[in-house]
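Shown next, in structure tokens, is the structure this report addresses.
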Amino acid sequence: MHPKALLDACADLVAQVLRFEHPADAVVSRYFREHRSLGPRERATLAETAYAVLRRKLLFEHLAGSGSGPRERRLAILGFAGPRDFLKSALSEPEKAWLDHCDGIDPASLSERHRHNLPEWLAEPLKAQLGDDFWPLVEALNEPAPLDLRVNMLTDKREDVRQELKLAGIDARPTPYSPWGLRVQDKPALTRVDAFARGAIEVQDEGSQLLALLTDARRGQMVVDFCAGAGGKTLALGAAMRNTGRLYAFDVSAHRLEKLKPRLARSKLSNVHPAAIAHERDDRIKRLAGKIDRVIVDAPCSGLGTLRRNPDLKWRQSPQSLAELTAKQAAILESAARLLKAGGRIVYATCSLLRAENEDIAAAFTAGHPGFRRLQVRELLEAAKVPDAASLCSADGQDLRLWPQRHGTDGFYAAAWEKVQS
Ligand SMILES: C[S@@+](CC[C@H](N)C(=O)[O-])C[C@H]1O[C@@H](n2cnc3c(N)ncnc32)[C@H](O)[C@@H]1O
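In short: position in the sequence shown from 1, add 1210, done, that's the working numbering.
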């Protein structure tokens, strides 16, 4: 494609994602469907340019205050994810001069908001929470996320799969913490790999794998994945149960549960029972009250721990949407806890970075439920033989706290309780 045409296409896509009517990945996929002739390299440039603009939106909007031409074009020039000389061959002389001027700006001279590119309602609590670690987080959120795989331990061994992938030309290393994980360099087309087709691997962030490990679902148990979605954790739990017992995969979204079906078929699991529920107080939940050994609540959340992959989330959330989410999270945890039998374990987890969705929800649950004993996540991870467990937890060892800048995973939180009385 001619550089000018590619830059025009980038500006077009940038305009579409910045409307924030739909998640950025859906907008990009739709754009590719509507422009089938685009090659793989052009697609990569388009997607990465749109994501670069979403990541550095505040800075780029500030810089785009100067220059000329349509605003989206200026933003696409600033975020263009391709060689500089290729880009410059698409620019007019004034645009080249403007880009050189922007390139020459000393980052240290920029205001804080133009350096962190976060909305204030998000930057403020993160600064308060992280102190000196705030800026490393900002850097980490601008890095691409690695591609992690979970090996299906029901059917395969991690090292065998690693060797198999190597023969297929894919370099994978064991993940540092999850005993089930492999981290892959680059972004290979996995669907063409036999290990994927036969269900030996699934794409799953290492942090997500640790949440399933923490749940410690065992052979023959009754287990509920309360917010199963497309079943990432369900599949990990089912394999940990060695395809025995009964694993309910609930979600209010039948559409998301539908996406679990092909994954389930590949996984060889037959102990999983997906069911759409109307809401967290559905009759199905009431019928199972007091009968369940393990519950995981992978709660609907702001998703801000996944900003490396979904940078649009910081612009699509607001203090108001956050308040709605925290009320929902508390209600779901409350209902899910009723499922447990005495001695059972419940894990509450999110992929949010914010205390409001994490520690605050867990503290309120503990305070309101004397029949539940808070478990030390560090001890649970150690029991699951996760290396360096203390480094994955809050200072007191109580909660799981995964951060992109510290652990290379998405941001995750988890707390766990045991039911001590019926
Ligand atoms: C973080 S996602 C789950 C991701 C999934 N566990 C996985 O590993 O792929 C949260 C899910 O909660 C579901 N959800 C929202 N409200 C719910 C409710 N009241 N009861 C159960 N699930 C709910 C959403 O539909 C969404 O699929």
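A virtual CB, placed ideally from N, CA and C, is assigned to each residue, including glycine. Since the structure is predicted, the reported quantities are computational estimates derived from the model, not experimental observations.
Remark: three or more beta-carbon pairs, one from each stretch, lie closer than 8 Å, so the stretch 1502-1511 and the stretch 1425-1442 are flagged as touching.
In the three-state DSSP reduction, Trp1525 falls in the helix class (H, G or I).
In the DSSP assignment, Thr1385 falls outside any alpha helix (DSSP H) and carries neither an H nor an E. Contact annotation, Leu1357 with Val1394: C-beta distance approximately 5 Å; criterion of less than 8 Å satisfied. Between Leu1332 and Glu1567, the alpha-carbon positions lie close to 13 Å from each other.
Taking Val1403 as reference, the option from Gly1417, Asp1415 and Leu1377 with the minimal CA-CA separation is Leu1377. Shortest Cα-Cα distance from Ala1605 to any of Gln1530, Gln1586 and Leu1301 involves Gln1586. Beyond the five residues adjoining it in sequence on each side, Gly1607 comes within less than 6 Å, by CB distance, of Gln1586 and Arg1588 in the same chain, given in chain order. Rounded to the nearest whole angstrom, the C-alpha separation of Leu1285 and Ala1533 is 32 Å.
The beta carbon of Phe1290 sits closer than 6 Å to the beta carbons of Thr1259 and Leu1297 from its chain, once the five residues preceding and following it are set aside; these are given in chain order. Residues Tyr1387, Ser1388, Pro1389, Leu1420, Leu1423 and Leu1602 of the same chain have their beta carbon placed closer than 8 Å to that of Val1596, with the five preceding and five following residues left out of the count.
Around the beta carbon of Pro1521, 16 or more other beta carbons lie within 10 angstroms, which makes this residue buried. Each residue's CA atom was taken as its position, placing Gln1530 and Arg1565 some 16 Å apart.
The nearest non-hydrogen atom of ligand 1 is 7 Å or more from the C-beta of Glu1569.
For Leu1610, the pairing in a beta bridge is given by DSSP as Cys1603 and Ala1624. DSSP links Arg1466 through a beta bridge to no other residue. Closest in C-alpha terms to Arg1526, from the list Gly1513, Lys1538, Arg1518 and Ala1537, comes Gly1513. A distance below 7 Å between beta-carbons, with the five flanking residues on each side excluded, links Arg1265 to the following residues of its chain, in chain order: Asn1327, Asn1352 and Pro1521. The straight-line gap separating the alpha-carbon atoms of Val1361 and Lys1629 is approximately 31 Å.
Look at the stretch 1324-1377 and you find these whole runs of alpha helix (DSSP H), each 4 residues long or longer: 1330-1340, 1344-1351 and 1368-1377. Where Asp1508 is concerned, there is no enclosing alpha helix (DSSP H), although the beta strand (DSSP E) around it starts and stops at Ile1502 to Asp1508. Closest option to Glu1374, judged by alpha-carbon separation, among Asp1343, Ala1410, Gly1279 and Asp1620: Ala1410. The criterion of a C-beta distance shorter than 8 Å is satisfied by Leu1347 and Gln1615. If you check the CB distance, Gly1417 and Phe1622 come in under 8 Å. In this structure, Gly1417 has its beta carbon at no less than 7 Å from each heavy atom of ligand 1.
For His1489, DSSP records no beta bridge to any residue. Just measuring C-alpha positions, the residue of Ser1480, Asp1366 and Ala1573 sitting nearest Gly1430 is Ser1480. About 18 Å separates the beta carbons of Arg1253 and Ala1355, which is beyond the 8 Å limit, so they are not a contact pair.
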